[in-house]
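Here the protein sequences line up with chains A and B, keeping their order. Mapping the first sequence onto my numbering, position 7 (from 1) lands on 7, and the numbers just tick up by one. Take any residue in the second sequence, count from 1 to its spot, add 355: that is its number in my numbering. Input: a single structure, listed below in C-alpha cells.
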Amino acid sequence: MPLSVVAMSGGIDMNTGLAAADAILRVEDLRVEFGGRAAVSEVTFELFAGETLGLVGESGSGKSTLARAILRLVPASKGSVVWRGRDLLACAPAALRALRRDLQIVFQDPLASLNPRMTVGETIAEPLRIFEPDRNARARRDRVAGMLERVGLAADVIGRYPHEFSGGQCQRIGIARAMILGPKLLICDEPVSSLDLSIQGQIVNLLLDLQCDVGTAMLFISHNLAVVRHLSHRILVMYSGRLVEIAPRDVLFASPLHPYTRALLAAVPGAPARDETTPPLRAPPVAEPPVRAAPADPAAPPPAPPSGCAFRDRCTYAVAVCQTTVPPLEETAAGHWTACHRAREFTAWPPQSRD
Amino acid sequence: MAPILSIDDLSVSFSQPKRSLFAVRQVSLDVAARECVAIVGESGSGKTQVFMAAMGLLAGNAAAAGSVRFEGGEILGAGPRQLNGIRGSKLTMIFQDPMTSLTPHLKIGTQLAEVLVCHAGASWSEARLAARRMLERVRVPEPERRLSQYPHELSGGLRQRVMIGMSLLCGPQLVIADEPTTALDVTVQAQIMDLLRAMREEVGMALVLISHDLGVVAGLADRILVMYAGRIVESAGSAELFRRARHPYTAALLNCIPSLSGPRLERLPTLPGQPPRPEDVLDGCAFAPRCPRAAERCRVERPLLTNENDGASRVACHFPLSP
C-alpha cells in the first residue's frame with residue numbers, strides 16, 4: 001500500500017493509535033546530555049507512515065532537543081533512532097546525508113531559519129540542487145514555481161529576499177523548502193508559535209494539505225494544545241526531558257491520566273463560550289517549575305540527578321514512592337501510556353488528593 | 356467620574372529617511388478608576404505604541420500628536436521631571452519579558468527598595484521591609500531569601516511576580532501590563548493572571564492589559580478594545596464582545612481561536628490575506644481587503660467609531676454584524 005493511502009484511508013486505528021503499517025521511525029531509550037545534565041532521557045516512541053504525532057510540553061521540557069537529536073542536529077549520548085530499519089545515530093556521514101532527503105524540518109523562527117543572502121528561489125531550489133543534481137536549471141525552476149504556487153506565494157517572489165516578507169510568508173518559504181523533495185518525515189518545531197492568530201490557521205491548513213499530497217509523517221511540536229488537537233493522530237506529552245504520557249488524541253483530551261497533562265489542559269486560557277458567560281477553566285494547584293540554577297563552579301561535577309518523579313514537587317497527588325522512584329511509562333489502556341505511580345487510580349478522574 | 360487616563364485623538368508616527376510611518380492613528384480612549392481595560396490586536400496593530408506614548412517612552416524618532424492626560428495632567432510633551440513624578444509611582448508598567456526589564460546585576464531586594472527610596476523618600480531599611488512585605492503579597496515563596504538573589508536565579512514566573520510587586524509598591528492609580536504572560540508557559544500564565552486578578556481586588560488600581568490573545572484577557576477585563584492597523588475598530592464590554600462581536604475583524608479573530616473542546620474541524624478557520632503594512636496608504640477601511648462583508652463604500656470611505664448604547668459598545672464598520 002502506498003504511504004499516502006495509509007495516511008488517508010485511516011490506516012491508523014484511532015481508538016488504539018496502532019497502525020496497520022509498521023513504524024517508520026522508532027526512537028528507543030534516547031538520551032541527550034548538555035554538560036552532563038540530561039535534557040532528554042529514556043525517550044521511546046514510534047511513528048507510523050503518514051501519521052501525525054503531536055509533541056507538547058513547556059519550555060525547557062526537551063521537545064526541541066528531542067527533535068534535533070532525531071535528525072542528528074545535536075548528538076545523542078545513548079539510545080537509537082531507527083529510520084526504516086537503519087539506526088541514524090550509527091550512520092556514517094555520507095549515508096546520513098543521503099537519508100536526509102527524506103527527513104526535513106521546519107523551524108519556529110521563520111526569518112532566522114532562512115539564509116538572508118539567498119533569494120527565495122535559491123532557497124527553495126537548494127534541496128533540488130543537492131539531491132537531484134542531474135536536473136537542469138529550467139526543470140528546477142519549474143519545480144520551484146510549482147511549489148511556490150502550492151504554498152500560496154505569487155510566482156514573482158522568486159528573486160526577492162527573506163527580509164522583504166512577513167513572518168507568515170517566510171514560514172511558507174521554509175515549508176516549501178522542506179517539502180520540495182517530498183520527504184517521508186517532516187518535523188515541525190513550533191512552526192506557528194511566532195505567528196499571529198489570523199495567520200496560524202493558514203499555515204496549519206497548508207501543512208495538512210501538503211501532508212495529504214505527499215503522505216508525509218509528521219512530528220509536530222507545539223506548546224499550543226488546541227493546535228495539536230487539531231492535527232495530531234496521537235499526542236506525546238513531555239516533562240523535564242521525559243515522556244510522561246502518550247495517547248491517541250481523543251483519549252488524551254477526554255481522559256488525561258498524568259497530573260501534569262491534566263494541569264496543562266486546565267491552564268489553557270479560553271474564550272468564554274459564545275452563548276454563555278461561563279468563566280474560563282481555572283488552573284489546578286500546580287506550583288511553579290523549579291529553576292535550574294547554573295553550577296557555581298563550571299569544573300565542579302554536575303549534581304546527582306534528582307531521584308523520583310520530576311513532577312512530584314508540583315503535584316497535588318504525590319505520595320512517598322514519587323520521592324524515590326522514577327515512574328516508568330506503562331500502558332494503562334490500549335495505546336495509552338502514562339508515567340505516573342498513581343495512574344491506575346486516576347482512571348476515574350479526579351482521584352482523592354493527598355490532603 | 357473623571358477618568359484616570361484620557362487619550363484623545365492620539366497619533367504616533369515614526370520618521371524614516373524617506374517617509375513617515377503611522378503606527379497609531381487617531382485613537383481615543385478613557386480608563387476609569389479601578390477599571391480593567393484590555394487592548395487586543397495582532398503584531399503591528401499599534402497597541403503597545405499607544406501606551407508607550409502614555410508613559411512618555413516613545414522611541415527617539417517617534418512623534419506623537421493629540422493628547423494623553425493622566426489625572427488631568429498632559430503627558431505628551433511633558434519634561435522628564437514631571438514624568439518622573441508620575442511614572443514608577445502613580446503610573447507603572449509591566450513588560451512582556453521580566454528578565455530584560457529587571458537589572459541583571461542588582462539583587463531583587465535592592466531593585467524593589469530603590470523604587471520606594473526614589474519615589475516615596477523612604478529610608479533603605481524601611482524600603483527593604485516594605486519590599487519583603489510586597490513579595491509576600493505577590494505570593495513569592497521564601498521572600499527573605501529572594502531579596503538577596505539576582506534575577507537570573509528566579510524562574511520566569513517568579514520574575515514576573517517580582518515585576519508585578521514592583522509596579523504596586525507605591526500604590527499606583529494605573530498599571531499598564533504589556534503582554535504580561537506571553538513569555539511564560541501556560542500553567543504559569545494561569546497563575547500570573549490569577550495574581551493580577553487578586554491584586555486588582557486588594558489594591559484597587561486600574562489595569563490596562565495589552566495582549567494579542569483574546570482568551571487570556573477574557574477572564575479579567577471589564578472592557579475590551581480591538582485594534583487593527585493603528586485604529587480602534589471595536590470597543591465593548593468583555594462578555595458582550597464574546598457573545599456577539601460586531602466588527603467582522605473581531606468576529607474573524609474569535610473564530611480563529613482553535614478550541615480544546617467541541618467538535619474538531621476538518622480545517623482551522625482562517626482569515627485570508629495579510630494585515631496592511633504601516634507604509635500602505637489606506638483610503639477606506641483598513642480591513643476591507645480581507646473582509647467578507649466589504650462593499651465599494653468600504654474601499655473609499657473610512658468608517659468612524661460609532662457611539663451606541665450610551666457609549667458602552669462601539670464599532671468602526673459600515674456594515675457591522677447585527678447585535
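Where a beta carbon is used, it is the ideal one built from N, C-alpha and C, also for glycine.
Could you check whether the Cβ of residue 155(A) sits closer than 9 angstroms to any Cβ belonging to chain B?
no
Sort 363(B), 364(B), 378(B) by Cα distance to residue 370(B) and report the nearest one.
Its Cα nearest to that of residue 370(B), the residue 378(B) stands out among 363(B), 364(B), 378(B).
From residue 343(A) to residue 45(A), what distance separates their C-alpha atoms?
19 angstroms
Tell whether a beta-carbon distance below 9 angstroms holds between residue 150(A) and residue 176(A).
It is a contact, given that the beta carbons lie within the stated cut-off.
My guess is that residue 138(A) and residue 128(A) are in contact by the Cβ rule of under 8 angstroms, so how many angstroms apart are they, rounded?
With 8 angstroms as the limit, residue 138(A) and residue 128(A) do not qualify as a contact, their Cβ atoms being about 12 angstroms apart.
Count the other C-beta atoms from every protein chain shown that fall within 10 angstroms of the C-beta of residue 163(A), then say buried if there are 16 or more, exposed otherwise.
Exposed.
Please list the residues of the stretch 390-403 of chain B that have a C-beta atom closer than 7 angstroms to any C-beta atom in chain A, keeping them in chain order.
Cβ contacts with chain A: 397, 398.
Below 8 angstroms on the Cβ atoms is my guess for residue 649(B) versus residue 641(B); work out the distance and round it to an integer in Å.
Actually they are not in contact, since the Cβ atoms of residue 649(B) and residue 641(B) sit about 11 angstroms apart, beyond 8 angstroms.
Between the stretch 223-238 of chain A and chain B, which residues of the former have a C-beta closer than 8 angstroms to a C-beta of the latter?
Per Cβ criterion, the list reads 223, 224, 225, 226, 227, 229, 230.
Name the chain B residues that come within less than 7 angstroms of residue 268(A), Cβ to Cβ?
541, 615
Comparing alpha-carbon positions, which option in 373(B), 510(B), 358(B), 422(B) lies nearest residue 454(B)?
510(B)
With respect to the alpha helix (DSSP H) encompassing residue 184(A), which residues constitute its N-terminal and C-terminal limits?
Counting along the chain, residue 184(A) falls outside any alpha helix (DSSP H), and DSSP gives it neither H nor E.
Under the rule that 16 or more other beta-carbon atoms within 10 Å means buried, what is residue 602(B), buried or exposed?
buried
Excluding the five sequence neighbours on either side, which residues of its own chain have a C-beta within less than 6 angstroms of the C-beta of residue 677(B), listed in chain order?
none
Are the Cβ atoms of residue 197(A) and residue 567(B) separated by less than 9 angstroms?
yes
Check distances from the C-beta atoms of the stretch 569-582 of chain B to those of chain A and list, in chain order, the residues that come in under 8 angstroms.
Of all residues in the stretch 569-582 of chain B, 569, 570, 571, 573, 574 have a Cβ within less than 8 angstroms of some Cβ in chain A.
Out of curiosity, what's the CA-to-CA distance linking residue 518(B) and residue 488(B)?
14 angstroms
Would you list, in chain order, the members of the stretch 41-59 of chain A that have their beta-carbon closer than 7 angstroms to a beta-carbon of chain B?
58, 59
Is the shortest distance between the beta-carbon of residue 602(B) and the beta-carbons of chain A less than 9 angstroms?
no
Could you confirm whether any beta carbon from chain B is found closer than 9 angstroms to the beta carbon of residue 166(A)?
yes
Enumerate in chain order the residues of its own chain whose CB-to-CB distance from residue 119(A) is below 8 angstroms, with the five nearest sequence positions on each side excluded.
158, 159, 160, 161
CA-CA distance, residue 486(B) and residue 468(B)?
So the alpha carbons of these two residues sit roughly 6 angstroms apart.
Secondary structure at residue 53(A), three-state DSSP: helix, strand or coil?
strand
Determine whether the Cβ of residue 619(B) lies closer than 9 angstroms to any Cβ atom of chain A.
yes
For chain B, is any of its Cβ atoms less than 9 angstroms away from the one on residue 73(A)?
no
Is residue 339(A) close to chain B? Criterion is C-beta to C-beta, closer than 9 angstroms.
no
Whole angstroms are fine: how far does the CA of residue 614(B) sit from the CA of residue 606(B)?
Cα to Cα, the separation comes out at about 15 angstroms.
Using 8 angstroms for Cβ pairs, my map puts residue 208(A) next to residue 181(A). What's the rounded Cβ distance?
Their Cβ separation, rounded to whole angstroms, is 19 angstroms, which puts residue 208(A) and residue 181(A) out of contact at 8 angstroms.
Alpha carbon to alpha carbon, how far is residue 293(A) from residue 34(A)?
Any reading at residue 293(A) is ruled out, since the residue's pLDDT is 45, under 50, leaving its predicted position unreliable.
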